[in-house]
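Visitor: Protein chains in written order, with this note's numbering: chain X, 1 to 347; chain R, 1001 to 1324; chain G, 2001 to 2489. We put the beta carbon where it would ideally sit given N, CA and C, even for glycine. Remember, it's a predicted structure, so these values are computed and weren't measured experimentally. For reference, the structure I am asking about is given below.
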Amino acid sequence: MAVREAEPVGSLQEVKEAGLDREDLLGIYRHMLITRAIEERGHILYRQGKIPGSFYTGRGNEAAAVGVATAMGPNDVGTPLHRDMGVHITRGVEPWRIIAQYMGREGGPTRGRDGNVHMAAPELGLHPMVSHLPAMLPVAVGMALAFKIRGDRRVALGWFGEGSAARGDAHESMNMAGVRQLPVVFICDNNQWAYSTPTYLGYPIEHVADRAAAYGFDGVVVDGTDVLAVYREAKAAIEKARQGGGPTLIECLTLRMEGHAVHDDAFYVPKEMFEQWAAQDPIERFRTWLRSNADMTDDEEDQITSVVKRLLNDALERAEESPLPDPSGLEQGVYASAEDLDTPHHK
Amino acid sequence: MPELTYIQAISDALRQEMRRDQRVFVLGQDVGVYGGAFKVTLGFQEEFGPWRVMDAPLSETAIVGGATGAALMGLRPVAEMQFADFISCAWDHLVTVAAKQFFRGRTPVPIVVRLPSGGGFSGGPFHSQNPESSFAHIPGLKIVCPATPHDAKGLLATSIEDPNPVLYFEHKHLYRRIKGEVPEERYTIPFGQARVHREGDDAVVVTWGAMVHTASDAADQLAGEGFEVEILDLRTLIPWDKARVLESVRRCSKVLVLHEDTRTGGFGAEIAATIAEEAFEDLDAPVVRIAAPDTPVPFSPALEKAFLPQVEDVVKSLQELAAY
Amino acid sequence: MSTGTQIEVVMPQMGVSVSEGTITKWLKQPGEAIARDELLLEISTDKVDTEVPSPGEGVLAEILVSEGQTVDVGTVLGRIGPAGSEAAASAPEEPVPAPASVEPAAVAPEPALAAAAPVEAAPAPVAAPQTETSGNGRAFVSPVVARIAAEHGVDTTAVAGTGTGGRVTKKDILAFIESGASAPAAVLPGPPSTEPQPPAPEPAPIPEPAPVPRPPDETPEPQTIPVPEPMPEPPTPRPPTQPEPAPEPQLGPGEVLEPMTAMRRGIADHMRRSLDTSAHVTSAIEVDMSRVVALRKKLKPEYERTHGVNVTYLAFIARAAVETLKEYPWINGELRGESIVTRSSINLGFAVELADGKGLIVPVLKNSETLNLLGIAKGVADIAERARSKKLLPDEVQGGTFTITNPGGYGTFHGTPVISQPQAGILGTYAVVKRPWVIQDEMGQDVIAVRPIMNLTLTYDHRLVDGALAGRFLRDIRERLESWDEAAY
Ligand SMILES: Cc1ncc(C[n+]2csc(CCOP(=O)(O)OP(=O)(O)O)c2C)c(N)n1
Ligand SMILES: [Mg+2]
């Protein structure tokens, strides 16, 4: 085995050692619920014709996204992708802004200039993905390079799918990061499908993380439905990078529980595969764990559920109030002016 | 004022910016110990160290993508392509990422990509191109093409200061051939301001980069024939000084647009079209374009001479304009 | 270069029966270069609208028939001169030596250029008074010269040109104005004279001894400044078919007048003539399209993938119609004088609405009997597409033996179309609608099922086709559609 396969997380004690108290755990659960709820709501809005364009969700990837984001430090940065709504939620992007983004409203993080999960929240350390995959990896590497040059104790996270691991950008990024031992953590959302392409048509080795060795750093495969295991591995990798220990490649293994996007019924995914992975739904799995290991009560659970519900209702209302962007402003904002550089992330 | 070559001016400007601003760093292939393929950064690593004068792997994607990331984090990367031609490997990163990041996320990407460009020494199809028009078509990028040592220095400082991705085309054929007086102190030259390289009222040549000097030689020949040609050096293509070009067109009424890049879809077409749209009633002759033919840049000196616009070509066209 | 090298552009014969055409648009203007086969103009006939490619290469010298005019086939529409020549000057003249001005020798007009004016048989346009004094053989005026001339009320023909071929250059006209030669009386209402001209006519160092055309104010006789001629009419003989100036229709409030296109006039004439000729009768039948619907669903992806063609219901119906027509030669025939004509080929016409919704064209799929379902689907898609993009050849709108019209696209379920003369029938197809339908179950019991039903109409010329024949024809088509035998098609 070229690469380490991470153990599942067991007891509350183990989790505490990893730096999470009970409040944190309930917070993680809430973030996972919000993540799913937003995407489910988006699904509905899309079918109602309220969301233009295409619509992608990360169903099945909530634990991987929330787990990694929870491990990030406040000043760390990243370039999450279309399966990583949980990162935006965990970093604090307000749900109404996400729905406004879906709907192409002025209130969305890209003010209608871009859509779906292409969201910018630089103040939260999140930089918007482009469609071209995995073009954000070299960008994340460059961010890490800046930290290294400046001696910042900050870490950059670059996400990519197992399908896009085939492109040269992935190689160039990891190679340069390895050469320079940059503070970057590569997160592979391995959901086993690249649109309709199965993994064995995408790469010829057992794990994407096997490649880390070729670039001179560690790789690890983790069960992406186990939010605590993801958290633990991400935390270790991020802190290692922060201490100057160089990059890590974490491969989060999940199944994409829906089609590639709403238009795709995923007929090509074997039914048994869906059934097998549905049995380890990340949210249900964590809920069970919380009940048996952290004594989550019915009251607590109800309260979280109703908070999420209210949040979503408010978000929808507020998003719908947000105006459509004014076309007369379209040509402004193509080029930055000197004042634009005074945004916090440039300090 | 010291007299410097074009390449010395670039080198001086870069060093001056790096001394002045800690955030500026250089990233490229062989830029460290070796000092870059053309020696622009010779001696830089000794002064600034290996992290500010960074030898990158043979990875144009990682260089430009990495520069983008570093810029997003507040640094001012100056990336060097060994030859402008290799920018094709980083197209995605300039066009897809850098050019559109501010538009979407309000996060400026202040990077400079230095692009040693142009032909004239049998560099062949992959070491001689002038790909400026391809990028001029991409909103979000700025394009700089200095023709003189003075401009090379001032425009590089402006490029590094600018909060946007800037493509800085430095013409290889000018590197050591063109000398000029360059102030020692730091100065900037605003983008979008053309420079009158030579005065005249009978016709105007609109051009940039190495062709400024070709036009200049041609104009000198015609001066003997009583035909005074203005040479307008655009200096930057995005933004370009439309107002100044139109002003010259109104005054001279005869226009030659000249560039070393190939003809079809070259930036000259944009200029000619703009003149046709906005100064039609000031024309006393059709707008003439001289550009390279629509072929890859050939290797053989005989072919390359035929490819690159020559002084004689410009003289001939100007004579025709004079007689029209 | 002689004018004999001029190439005539004539109104083409767009099909045997076509005798005239209307120019809808000139794609080039006089003076513009044109390559051989480059599109030169668009015409409209009652058969097709089409584009006319240039018969030769050079410069469009003149346009003789302007847009909107209808002329006979063969009429000369314009002329193309040799490359480098000019558009015909409004008043072509010999390069007469200018009596008063000294032509600078260096810029003597090249004879080749000066001789570009046509000397065709066309009656010479208004003989210009030979008081013309300028040696300027070129009528081309550059934009800036035109503007300055307008601003200062200068007649450019009065200015001696020093440009190529004697063209008046900007310098020439500025020097002319500077010299005071432009008669103030001729100043047109232009920009207020208080406003300084942007390129202030500086006392330009005049390169050569100024060829001052004539001393100002010396001889203010009219002859010194030629009276600007009104543009002569194109020197074409009036086409005989020019629609006579009809009495202006009276317009009521809110009404708008729109001229009829040639195509609309053609349709109008044809429809009227058809109703006046044939004894139109229409019969209808209802068809259960279940099999066709199912089959289409099955074939559609395959046809699209492997052949790039969308198989429509129309293709199925056409295919069934062809099979049936084979057994009903009269319905595929015509009455010609005292005789009945039948034939072995079936040329199916399809009524196609033009993209702008302002006309109808009936391209014909020749020898439809040789095509299978795929062939018909492809053929229909092809002619329909080309009909809409006006790329049909004249031959493709002629020779139909039977026509199908498909107004059902908008949901209509019945109609009485007009026969395309001289055919004997036209099949109408209508919307496929789900309806409750009485069928028999396996036990032979009547039950109601939901079925996709379509109405078909046959409009036939009762002079040739009897009602019973039409009924049998419709019955057979229905039979074919309802029991579509996949293997057989
Ligand atoms: C360079 C590039 N080529 C093609 C696409 C179209 N595309 C979008 S997502 C996708 C599949 C990506 O698979 P993977 O990397 O596994 O990510 P996932 O969608 O499964 O999370 C494809 C082919 C793209 N976005 N970028
Ligand atoms: Mg995938």
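Taking 6 Å as the line, does the beta carbon of Arg83(X) fall inside it for any heavy atom of ligand 1?
Guide: It does: the Cβ of Arg83(X) is within 6 Å (strictly closer) of some heavy atom of ligand 1.
Visitor: Could you check if Leu133(X) belongs to the surroundings of ligand 1, using beta carbon to heavy atom distance under 6 Å?
Guide: Checking every heavy atom of ligand 1 against the Cβ of Leu133(X), one is found closer than 6 Å.
Visitor: Starting from the N-terminal side, write out each stretch of the alpha helix (DSSP H) that is 4 residues or longer and does not extend beyond the region 111-176 of chain X.
Guide: Entirely contained in the region 111-176 of chain X, the alpha helix (DSSP H) runs reaching 4 residues are, in chain order, 136-150.
Visitor: Given Thr2241(G), which residues of its chain have a CB within under 7 Å of its CB, disregarding the five upstream and five downstream residues?
Guide: With a pLDDT of only 46 at Thr2241(G), under the threshold of 50, the placement of this residue in the model should not be trusted, and no figure is reported.
Visitor: May I ask which residues mark the beginning and end of the beta strand (DSSP E) holding Gly104(X)?
Guide: First-last for Gly104(X): undefined, no H or E at that position.
Visitor: Residue range of the beta strand (DSSP E) that Ile250(X) falls in?
Guide: Unbroken beta strand (DSSP E) run through Ile250(X): 248-253.
Visitor: Would you mind working out which of Leu12(X), Pro198(X), Ile34(X), Leu253(X) sits nearest Asp314(X), comparing C-alpha positions?
Guide: Considering only alpha carbons, the answer is Ile34(X).
Visitor: Excluding five sequence neighbours on each side, which residues of the same chain lie with their C-beta closer than 6 Å to the C-beta of Glu94(X)?
Guide: There are no such residues.
Visitor: Hey, which residues come within less than 7 Å of ligand 2, measuring from Cβ to any heavy atom, in chain order?
Guide: After applying the 7 Å Cβ criterion, the set is Gly161(X), Glu162(X), Gly163(X), Asp189(X), Asn190(X), Asn191(X), Gln192(X), Trp193(X), Ala194(X), Arg256(X).
Visitor: Please state if the CB of Asn1164(R) and the CB of Tyr335(X) are separated by a distance shorter than 7 Å.
Guide: Yes; because the gap between Cβ atoms is below 7 Å, this pair is in contact.
Visitor: If we require 3 or more residues per run, which beta strand (DSSP E) segments fall completely within the region 2342-2425 of chain G?
Guide: DSSP runs (the beta strand (DSSP E)) wholly in the region 2342-2425 of chain G: 2348-2350, 2402-2405.
Visitor: 7 Å is my cut-off, CB to CB: does Val1053(R) come that close to chain X?
Guide: Judged by the 7 Å Cβ criterion, Val1053(R) is not in contact with chain X.
Visitor: Where does the unbroken beta strand (DSSP E) through Tyr2303(G) begin, and where does it stop?
Guide: Run containing Tyr2303(G): none in the beta strand (DSSP E); it sits in the alpha helix (DSSP H), 2290-2307.
Visitor: Closer than 7 Å, CB to CB, is Thr248(X) near chain R or not?
Guide: Not an interface residue.
Visitor: If you draw a straight line from the C-alpha of Gly10(X) to the C-alpha of Arg285(X), how long is it?
Guide: Taking the straight line joining both Cα atoms gives about 13 Å.
Visitor: Using the DSSP secondary-structure output, state which residues sit across from Lys2025(G) in a beta bridge.
Guide: For Lys2025(G), which the question treats as bridged, DSSP gives the partners Glu2042(G).
Visitor: Where does Ser1337(R) land, buried or exposed, given buried means 16+ other C-beta within 10 angstroms?
Guide: Missing from the structure shown is residue 1337(R); chain R here goes from 1001 to 1324 and no further.
Visitor: Going straight from the alpha carbon of Val2227(G) to that of Glu1281(R), what length do you get?
Guide: Unreliable positioning characterises Val2227(G) in this predicted model, as indicated by a pLDDT of 38, which lies under 50. The coordinate reading is nonetheless provided below. Taking the straight line from one Cα to the other gives about 24 Å.
Visitor: Which value, in whole angstroms, describes the spacing of the CA atoms of Arg105(X) and Asp326(X)?
Guide: Computed Cα separation, rounded: 10 Å.
Visitor: Within 7 Å of any Cβ in chain R, is that where the Cβ of Lys2170(G) sits?
Guide: With 7 Å as the cut-off, Lys2170(G) counts as an interface residue toward chain R.
Visitor: Chain X beta carbons: is any one of them nearer than 7 Å to that of Gly1192(R)?
Guide: It does not: the Cβ of Gly1192(R) has no partner Cβ on chain X nearer than 7 Å.
Visitor: So if I threshold CB-CB distances at 8 Å, which residues from the region 329-343 of chain X count as touching chain R?
Guide: If the cut-off is 8 Å between Cβ atoms, the region 329-343 of chain X has Gly333, Val334, Tyr335, Ala336, Ser337, Ala338, Asp340, Leu341, Thr343 near chain R.
Visitor: Tell me, which residues are paired with Asn2455(G) by DSSP?
Guide: For Asn2455(G), which the question treats as bridged, DSSP gives the partners Glu2286(G).
Visitor: If you run the structure through DSSP and keep just helix, strand and coil, what is Trp289(X)?
Guide: If DSSP states are grouped into helix, strand and coil, Trp289(X) belongs with the helices.
Visitor: Is the number of C-beta pairs between the region 2421-2429 of chain G and the region 2456-2469 of chain G that are closer than 8 Å three or more?
Guide: They touch, by the three-pair rule.
Visitor: Measuring alpha carbon to alpha carbon, tell me which residue in Val2292(G), Ala2061(G), Val2380(G), Gly2408(G) is nearest Glu2479(G).
Guide: When only C-alpha atoms are compared, the closest one is Val2292(G).
Visitor: In angstroms with no decimal places, state the Cα-to-Cα distance between Glu2120(G) and Ser1128(R).
Guide: Summary for Glu2120(G): the model assigns pLDDT 35, below 50, so the residue's position carries little reliability; its value from the coordinates is reported in the next sentence. If I take the Cα positions, the gap works out to 55 Å.
Visitor: Alpha carbon to alpha carbon, how far is Val222(X) from Met176(X)?
Guide: Approximately 24 Å, taken between the alpha carbons.
Visitor: So, helix, strand or coil for Glu1132(R), using DSSP?
Guide: If DSSP states are grouped into helix, strand and coil, Glu1132(R) belongs with the helices.
Visitor: Looking only at its own chain, which residues have a Cβ that is under 7 Å from the Cβ of Trp1240(R), when we skip the five neighbours before and after it?
Guide: Result list for Trp1240(R): Gly1192, Leu1234, in chain order.
Visitor: Going along chain R, which residues have a C-beta under 9 Å from Glu14(X)?
Guide: In chain order: nothing, as chain R lies at least about 34 Å away.
Visitor: Since Val141(X) and Met129(X) should fall inside the 8 Å C-beta cutoff, what is the C-beta to C-beta distance between them, to a whole number of angstroms?
Guide: About 15 Å separates the two Cβ atoms, so there is no contact after all.
Visitor: Run through chain R and tell me which residues come within less than 8 Å of His88(X), C-beta to C-beta.
Guide: Near His88(X) there are no residues of chain R at all, since even the closest Cβ is about 13 Å away, more than 8 Å.
Visitor: Can a CB atom of chain G be found closer than 7 Å to the CB of Leu1283(R)?
Guide: So yes, Leu1283(R) belongs to the interface.
Visitor: In whole angstroms, what separates the C-alpha of Trp1208(R) from that of Glu1132(R)?
Guide: Cα to Cα, Trp1208(R) sits roughly 11 Å from Glu1132(R).
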